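S.K.: The structure that follows is given in the form of structure tokens.
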Amino acid sequence: MIIMEDVYKKYPNGITAANGLNIRIEQGEFVYVVGPSGAGKSTFIKMIYREERATKGTINVDKFDLLHMKNKDVPFLRRHVGVVFQDFKLLPSKTVYENIAYAMEVVEEDPKVIKDRVMEVLDLVNLKHKVRMLPDELSGGEQQRISIARSIANMPKVLIADEPTGNLDPDTSWEIMNILEEISNRGTTIVMATHNKEIVNTLKHRVIAIENGRIVRDEQQGDYGYEI
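For the sequence shown, full-length UniProt numbering assigns the number 1 to the initial residue and increments by one for each residue that follows.
Here's what the structure looks like:
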């Protein structure tokens, strides 16, 4: 599903954020990506949805060859890879319904399919009653739940979550994790970068630890492994 072989990423300022990465993540796995700030976690996950292009190596996500992919083909990849951001990235002038529908409109989905799917994902995140509201009328936790609903609207095979609980209080963070667990149980591959030690140590999954652009630990049912 996700394969990296001998992957390097060097930025113009000379920083090497990926230093010979080799990893394989199978369909349906739930993987935490942990490590100190500046270790290369964000670069690792951004390369999976081609926000960043590796300097060299091989990255395959499903049927896509990310290193040789043309920029015009990136939107096709994004139909298969959903992304949840720490800061939500909702469109402020659009309602909850419109924010989710937009993700499907850009891939030219049929309007009837869009309507049904928007209500389906809103039901999954328990926010059907907020369908006509604007983002600034929602709490932070509700905005993140809408962000998750939008990210899975096109039924991606892979969901990337970049610090999805980073801006949320502990109770809301657990609500978000329960939703991600449900999505995982339905067969979606989840790769989640996080600094949340309690979540990693409680909801056990595979843990990949990155330091100085290298994978230093890869454990099934692993612990967070760092002091906070």
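Cβ coordinates follow ideal geometry from the N, Cα and C atoms, glycine included. Owing to the predicted nature of the structure, the values given are computational and were not obtained by experimental measurement.
1. Do N167 and D87 count as a contact pair if the criterion is CB distance below 8 Å?
2. Please list, in chain order, all residues of the same chain as Q27 whose beta carbon is under 6 Å from its beta carbon, the five residues on each side excluded.
3. Please list the segments of the beta strand (DSSP E) lying wholly inside the region 98-140, counting only runs of 3 or more residues, in order along the chain.
4. Measuring CB atoms only, is the region 186-204 touching the region 215-227, in the sense that at least three cross pairs come out at less than 8 Å?
5. How many Å lie between L91 and I215 at the Cα?
6. Can you tell me whether I176 is helix, strand or coil according to DSSP?
7. Just verifying my parser: in three-state terms, what is the DSSP assignment at F64?
8. Tell me, please, which residues DSSP counts as bridged to M4.
9. Restricting to Cα atoms, I'd like to know which of I148, N154 and N185 is closest to S173.
M.R.: On the basis of the data shown:
1. yes
2. M1 and T189
3. Taking only runs of at least 3 residues, no beta strand (DSSP E) segment lies wholly in the region 98-140.
4. yes
5. 35 Å
6. helix
7. strand
8. I23 and I59
9. I148
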